[in-house]
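So the protein sequences, as listed, match chains A and B.
The first sequence begins at 2 in this note's numbering and counts up by one.
The second sequence begins at 2 in this note's numbering and counts up by one.
Each residue gets a CB set at the ideal place from its N, CA and C atoms; glycine is no exception.
This report concerns only the one structure given below.
There are 2 protein chains.
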Amino acid sequence: MNQTYINELKNHIGEEVTLKGWLYNSRSSGKLVFLQLRDGTGIVQCVCFRPNNEEVFEKAKSLGQESSIIVTGKVKEDTRSAIGVELDVTGLEVIQNASEYPITPKEHGTEFLMDNRHLWIRSKKQHAVLKVRHTVIKATRDFFDNNGFILADTPIFTPAACEGTTTLFEVDYFDDDKAYLTQSGQLYNEATAAAFGKSYAFGPVFRAEKSKTRRHLTEFWMVEPEMAYAQLDDVMTLGEGLIKFIVERVLADRRDELAVLERDVTKLEAILEKGFPRVHYDEAVKLLKEGFAKGELDNDFEWGGDFGAPDETYLSKQFDAPVFVHHFPAVIKAFYFERDKDRPECALGADLLAPEGYGEIIGGGERAMDLEFLEQQIEHHNLPKEAFEWYLDLRRFGTVPHAGFGMGIERCTAWMCGIEHVRETIPFPRMLYRLKP
Amino acid sequence: MNQTYINELKNHIGEEVTLKGWLYNSRSSGKLVFLQLRDGTGIVQCVCFRPNNEEVFEKAKSLGQESSIIVTGKVKEDTRSAIGVELDVTGLEVIQNASEYPITPKEHGTEFLMDNRHLWIRSKKQHAVLKVRHTVIKATRDFFDNNGFILADTPIFTPAACEGTTTLFEVDYFDDDKAYLTQSGQLYNEATAAAFGKSYAFGPVFRAEKSKTRRHLTEFWMVEPEMAYAQLDDVMTLGEGLIKFIVERVLADRRDELAVLERDVTKLEAILEKGFPRVHYDEAVKLLKEGFAKGELDNDFEWGGDFGAPDETYLSKQFDAPVFVHHFPAVIKAFYFERDKDRPECALGADLLAPEGYGEIIGGGERAMDLEFLEQQIEHHNLPKEAFEWYLDLRRFGTVPHAGFGMGIERCTAWMCGIEHVRETIPFPRMLYRLKP
């Protein structure tokens, strides 16, 4: 018999349908067994009434958690149900009666759950988080595709170290050659933007950081748009547009999942109403110094430094929307940043700080377009010039003002979901001491 | 002044607009200079007429290939132009007058072009190929998203070798640990399909094969859908749907690019009209033996063997549509394939052979659902059982019939484009001896 999906049941009230899935949970009471059936699209209560069918009732009663079952029954409207329907079971086929499923409804430790990630992703909350992730990615791609960007995947294997090798993963390539896993597609994006005008890369990137914080993964997904004939302001305009588009989509398509996660959606809704403030680094320093004076920050922030997590959280709390900080000190930014003409100690970078303590979720800016300046920077940073010759070609042959940014998908997803740790926002997280399953 | 894009010019006939881009080519004739301007969305002829503006004329005449320029002018209908318009130039701002651009209109060798890949992607043909790639990817994602699949990215870092380590890239993880770059997300997909019912992974995969053929890259992109409660026929139905959806989209959105590539589009159009034949391996062997008898194949194919490129090409020529071959000998397939109950020497696998010699572009099948059978297979293949415990869990807790496939994006793109070599279908190809730029 044809399979009907749980998320379509509302269109089949009064009909007999067949559902194929797994037993999420069950309870029995006298002549009734209630099976919570999940099929990946939702969960529905299936009611087995003993007088209707003794055999079905007995089978249903014996089922262990995560048993694979095919259930036939009549769809009945039920206003108490979250999905508005339940199923009056008429037939039950057991594919496998599972026993001793390791993730029981009781509380488990994170390490145990991570070791069983291949099963943990079946649970309601993980399910919700990963569906939000799906929507964040879909929205991100649609946003760029709808706005004239060409997807140009940048390579994972890179020959040279952009910004030092300490946070790079090294790979044995052929014949004793070494390759490094990409940390960012940006340099390559600059080449594709010169070809396509507007381009983006979207793939996994790798950071061999020995950090064990709630914001770090060794392998995560990043979207990186790049625009030719664009400047710092364009980065902020594009970034604001992207975030609002994602928030809109998540609110439109993932209400149920946000409810499972007990996400306060008013905080997301509020973002759509506001313009994102654009704050000069100088101004941000002033705010941080005020915060220190008021005793709300432990550290007296000095001009020239990079924000720590408490600084970012404090800054974002001063505004009722995500906030861009721009014009960072050049010394804390990569060699390829364009400088402010009037204040060359300032790089034309812009970071977006998410609200609610989610920190930097977009980082980008304008890239230096002058060949000589870049050659000096490469020398100044002791980078191997030969490895950057192709990159310098972009300044030799038709250099233009250009700009772009990167956004980490997992941090964005964590923020949308309102969850603490990025490790739950990717199906199989990879961290300092986590390479399994 | 606001930038207008070349692909929008038809909506601005009679108006003055500003274009920002690069000089693709130019020629002059008496009082006229014709600038071929590219901006990533297209190429338009910009006409500088000396009597109109002496200064613009002189500047235009001096420009080298790939100079970055901002051109203002009036949009004029022009029926001789491929895009239906040209520009009467009234202003010209030169951002950079480039000289000695390495890729001139003359012929260059492939190695030289590959060394200059960061510039080569600006040329008409490469541009067209990569835009077709963009559309293939977009169509693929839309197809799965529209059909209820959840995107669940599988990890790049994997702990164990699925099918031997000889074709795996090894990475130094932390504390002397080793990780291997994924060759396929399939095993993980089986976990996500049990969570979501229908899932797909779409990311880069890696093969350390010492092959230097026109079909091999060490790093390429693969889409891998997986369905719970699905069988061999579902794989073929889904694959046919996907291919037709991609062909339709490419024909709808990339006509101009296919024209640049001189692609015979009638061959793509024909695919939409046909059902894809489904041929049992036994039948395929019979056809290959006939081919040998007729002298059209050098090799007398024997039951039990895997198809070589000439076999695939011969087989696909016997049909007027892409053809599925199914029920391969189990010995040539991976350990996890489900077997035909009546003929256990046959694996429930199905490969799709593309027409025109493009070979296998989809490979998949039904996965074994029985725990004991898989345990035997793992032992039989001398695989480390402990590394597969999580995978075996999927058979312990709610095992179901399930099936899926993988499709390589670059091979599919090469086929759509009608080009010889996959290396042109990815922005920065990585091959045996190619790690740059």
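By the Cβ test, the stretch 271-283 of chain A is in contact with the stretch 316-331 of chain A, since at least three Cβ pairs between them sit closer than 8 Å. DSSP places B:ASP89 inside the beta strand (DSSP E), whose first and last residues are 86-97. Beta-bridge pairing by DSSP links A:ASP173 to A:LYS179. C-alpha of A:ALA194 to C-alpha of B:PHE145: approximately 28 Å in a straight line. Identification of chain B residues near A:THR400 by a Cβ-Cβ cut-off of 9 Å yields SER69, ILE96, GLN97, ALA99, ordered along the chain. Taking every protein chain shown into account, the CB of A:ASN117 has 16 or more other CB atoms within 10 angstroms, so this residue is buried.
Chain A places no beta carbon closer than 8 Å to that of B:TYR25, leaving this residue out of the contacts. Residue-level contact check: B:ALA140 does not touch chain A, since none of the beta carbons of chain A fall below 8 Å from its beta carbon.
When C-alpha distances from B:MET417 are compared across B:ASP178, B:ALA331, B:ARG250, the shortest belongs to B:ARG250. Contact annotation for A:GLU171 against chain B: VAL172, ASP173 [CB-CB distance below 9 Å, chain order].
Contact fails between the stretch 168-179 of chain B and the stretch 114-130 of chain A, because fewer than three Cβ pairs, one in each stretch, are under 8 Å apart. Using a Cβ-Cβ cut-off of 8 Å, A:LEU233 does not count as an interface residue toward chain B, since no Cβ of chain B sits closer than that to its own. No residue range can be given for B:THR426, since it is assigned to no alpha helix (DSSP H) and is classified by DSSP as neither H nor E.
In chain order, PHE170, LEU182, THR183, GLN184, THR219, GLU220 place their CB closer than 7 Å to the CB of B:PHE207, counting only its own chain and leaving out the 5 sequence neighbours on each side. A:ASP254 is positioned such that its CB atom lies closer than 8 Å to that of A:THR136.
Counting only runs of 4+ residues, the alpha helix (DSSP H) found wholly inside the stretch 250-324 of chain A occupies 256-261, 266-274, 282-294, 310-318, in chain order. DSSP places A:ASN26 within a strand segment (E or B) once states are collapsed to three. Judged by pairs of C-beta atoms under 8 Å, the stretch 8-26 of chain B touches the stretch 59-67 of chain B, as three or more such pairs exist. For the set B:LEU33, B:MET432, B:PRO330, the Cα lying nearest the Cα of B:ARG215 is the one of B:MET432.
In this model, A:ILE14 and A:ARG51 are separated by some 22 Å (Cα to Cα).
Close to A:ASP178, with beta-carbon spacing below 8 Å, are these residues of chain B in chain order: LEU436.
Listed along chain A are GLY41, ILE122, ARG123, HIS128, each with a C-beta nearer than 7 Å to that of B:ALA196. Not a single CB atom of chain B sits nearer than 8 Å to the CB of A:TRP304. In this structure, A:HIS382 lies away from A:MET228, with their beta-carbon atoms at least 8 Å apart. Secondary structure at B:THR141: helix, using DSSP grouped into helix, strand and coil. Nearest to B:SER27 by alpha-carbon distance, out of B:LEU10, B:LYS11, B:VAL18, B:VAL45, is B:VAL45.
Runs of the beta strand (DSSP E) spanning 3 or more residues and lying entirely within the stretch 337-372 of chain A occur at 347-355, 360-368, in chain order. Exclusion of the five residues before and after A:VAL286 leaves PHE302, GLU303, TRP304 as the residues of its chain whose Cβ lies within less than 8 Å of its Cβ. Chain-ordered, the chain B residues with CB closer than 7 Å to the CB of A:ILE427 read ASP154. For B:ARG39, no alpha helix (DSSP H) encloses it; the enclosing beta strand (DSSP E) starts and ends at 33-39.
If you look at B:HIS403, you'll find it isn't in any alpha helix (DSSP H); it sits in the beta strand (DSSP E) that goes 403-409.
Annotated three-state conformation of B:THR73 is strand, per DSSP. Near chain A, meaning a CB-to-CB distance below 7 Å, the residues of the stretch 56-88 of chain B are GLU67, SER68, SER69. With 16 or more neighbouring CB atoms inside 10 Å of its own CB, A:GLN127 falls in the buried class.
Listed in chain order, the beta strand (DSSP E) elements of length 3 or more contained wholly in the stretch 172-240 of chain A are 179-182, 199-207, 220-229.
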